[in-house]
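Novice: Sharing a structure, written as structure tokens. Questions coming.
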Amino acid sequence: MTVIPVKRLDAAKSRLRGAVPVERHPELALAMVCDTVAAVLAATTVAGLIVVTSDPVVAEAVRGLGAEVAPDPGAGLNAALRFGADEVAGPAAHRAVLTGDLPALRPEQLDAALRAVHGRGFVPDAAGTGTVLLAVPPAQPLDPRFGPHSAAAHRASGATALTGDWPGLRQDVDTAADLHAVLGLGAGERTGALLRDLGLSRACAPAGCAG
Numbered sequence: 040m041t042v043i044p045v046k047r048l049d050a051a052k053s054r055l056r057g058a059v060p061v062e063r064h065p066e067l068a069l070a071m072v073c074d075t076v077a078a079v080l081a082a083t084t085v086a087g088l089i090v091v092t093s094d095p096v097v098a099e100a101v102r103g104l105g106a107e108v109a110p111d112p113g114a115g116l117n118a119a120l121r122f123g124a125d126e127v128a129g130p131a132a133h134r135a136v137l138t139g140d141l142p143a144l145r146p147e148q149l150d151a152a153l154r155a156v157h158g159r160g161f162v163p164d165a166a167g168t169g170t171v172l173l174a175v176p177p178a179q180p181l182d183p184r185f186g187p188h189s190a191a192a193h194r195a196s197g198a199t200a201l202t203g204d205w206p207g208l209r210q211d212v213d214t215a216a217d218l219h220a221v222l223g224l225g226a227g228e229r230t231g232a233l234l235r236d237l238g239l240s241r242a243c244a245p246a247g248c249a250g
């Protein structure tokens, strides 16, 4: 079972503000979430997806894509991840948690990463300092350490770093530079369409965007 936490859209992706007109910022955040959710649900190794959120717009959108929704307990990112993985999915399941800002994610990259998991493992982000995925086997608590320098924190907690040719999985979006990197990889359908509508994407022509 896979879990993605999503903040309320009016508070999401604060470091990305200014990359698009302010009134379109929530739309960009939602597009990235939906592209991530669509890619996860298309992966053959994923049995199901739980989105932990308190935002009704997010909840409606991801349910329409086939995800289950659980309420955010409201105690921060790691609490939301623990709730989704250890309580909603339950300790009997294989569990993986991902960030919701992976609009260049390809299902086959997620499949390859999940197949590489043995024990508790994590995938560092493109910069090598953050974490985009944490996975645990049944009966083991998730013990998430997301936040600043989370890759080092997960490594120190005993999780194994997983490496592979997974550029779309590793490229999360926190800044305008990250968004530019996503366009180079091929943005998902919704993110690419929004950026084309805004005239911000020449790198992502319709035929070059991930579906």
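First residue of the sequence shown? That's 40 in my numbering, and the numbers climb one at a time after it. Cβ coordinates follow ideal geometry from the N, Cα and C atoms, glycine included.
Measuring straight from C-alpha to C-alpha, what distance separates V91 and G227?
Specialist: Residue numbering aside, residue 91 sits at position 52 when the sequence shown is read from its first letter. Residue numbering aside, residue 227 sits at position 188 when the sequence shown is read from its first letter. Approximately 21 Å, taken between the alpha carbons.
Novice: Leaving aside the five residues before and after D94 along the sequence, list all residues of the same chain whose C-beta is less than 6 Å from its C-beta, in chain order.
Specialist: Reading the sequence shown from its first residue, position 55 is the one you call residue 94. Answer for D94: R47, L48, listed in chain order.
Novice: Under a CB-based cut-off of 8 Å, is D150 close to chain D?
Specialist: Among the chains of the structure shown, chain D does not appear; only one protein chain is present.
Novice: Using only the alpha-carbon positions, how far apart do S196 and P206 sit?
Specialist: Here residue 196 refers to the residue found at position 157 when the sequence shown is read from its first residue. Here residue 206 refers to the residue found at position 167 when the sequence shown is read from its first residue. Between S196 and P206, the C-alpha separation is close to 25 Å.
Novice: Taking V8 and P142 to be in contact with their CB atoms under 8 Å, please state how far apart those CB atoms are, rounded to whole angstroms.
Specialist: Summary: the structure shown does not reach residue 8, with the chain confined to residues 40 through 250, and so no result is reported for it.
Novice: Below 8 Å on the Cβ atoms is my contact criterion, and I expect L233 with L67 to pass it. Report the Cβ-Cβ distance as a whole number of Å.
Specialist: Here residue 233 refers to the residue found at position 194 when the sequence shown is read from its first residue. Here residue 67 refers to the residue found at position 28 when the sequence shown is read from its first residue. Yes, L233 and L67 are in contact; Cβ-Cβ is about 6 Å, under 8 Å.
Novice: Run through DSSP, which three-state label would R134 get?
Specialist: Here residue 134 refers to the residue found at position 95 of the sequence shown. If DSSP states are grouped into helix, strand and coil, R134 belongs with the strands.
Novice: Quick one, are the C-beta atoms of P44 and A98 less than 8 Å apart?
Specialist: In the sequence shown, the residue the question calls residue 44 occupies position 5. In the sequence shown, the residue the question calls residue 98 occupies position 59. Going by C-beta atoms, P44 is not nearer than 8 Å to A98.
Novice: Which residue marks the beginning of the alpha helix (DSSP H) containing E147, and which one marks its end?
Specialist: Taking the sequence shown and counting its residues from 1, the one referred to as residue 147 is at position 108. That run of the alpha helix (DSSP H) goes 146-154.
Novice: Are there any heavy atoms of the ligand ZN lying less than 7 Å away from the beta-carbon of H133, as far as the coordinates show?
Specialist: With respect to the ligand ZN, the structure shown offers nothing to examine, as it has no ligands at all.
Novice: Only counting the same chain, and skipping five residues up and downstream in sequence, which positions put a Cβ closer than 6 Å to that of V50?
Specialist: Sequence index remark: in the sequence shown, residue 50 carries index 11 (1-based). Before going on, a small fix: residue 50 reads as Ala here, not Val. Result list for A50: empty, nothing under 6 Å.
Novice: Can you list, in chain order, the residues of its chain with a C-beta nearer than 6 Å to that of A220? Leave out the 5 residues immediately preceding and following it.
Specialist: The count along the sequence shown starts at 1 and reaches residue 220 at position 181. So the qualifying residues of the chain are Q210.
Novice: Kindly indicate which residue of D204, E62, H64 has the alpha-carbon position closest to the one of R145.
Specialist: For the purposes of this step, residue 145 is taken as residue 106 along the sequence shown, with counting starting at 1. Per the Cα distances, D204.
Novice: For V61, is the classification buried or exposed, using 16 other Cβ atoms within 10 angstroms of its Cβ as the cut-off for buried?
Specialist: One-based indexing of the sequence shown puts residue 61 at position 22. So V61 ends up on the exposed side.
Novice: Per DSSP, P44 is paired with what?
Specialist: To locate residue 44, count along the sequence shown from 1; it is residue 5. Looking at the DSSP assignment, P44 forms a beta bridge with V91.
Novice: Rounded to the nearest angstrom, what separates M71 and D140 at their Cα positions?
Specialist: Here the question's residue 71 lines up with position 32 in the sequence shown. Here the question's residue 140 lines up with position 101 in the sequence shown. Their backbone Cα atoms lie some 5 Å apart in a straight line.
Novice: So V108 is in the beta strand (DSSP E); what residue range does that whole segment cover?
Specialist: Within the sequence shown, the letter at position 69 stands for residue 108. 107-109 is the extent of the beta strand (DSSP E) around V108.
Novice: Going straight from the alpha carbon of L116 to that of T202, what length do you get?
Specialist: For the purposes of this step, residue 116 is identified with residue 77 of the sequence shown, where counting begins at 1. For the purposes of this step, residue 202 is identified with residue 163 of the sequence shown, where counting begins at 1. Approximately 24 Å between the Cα atoms of the pair.
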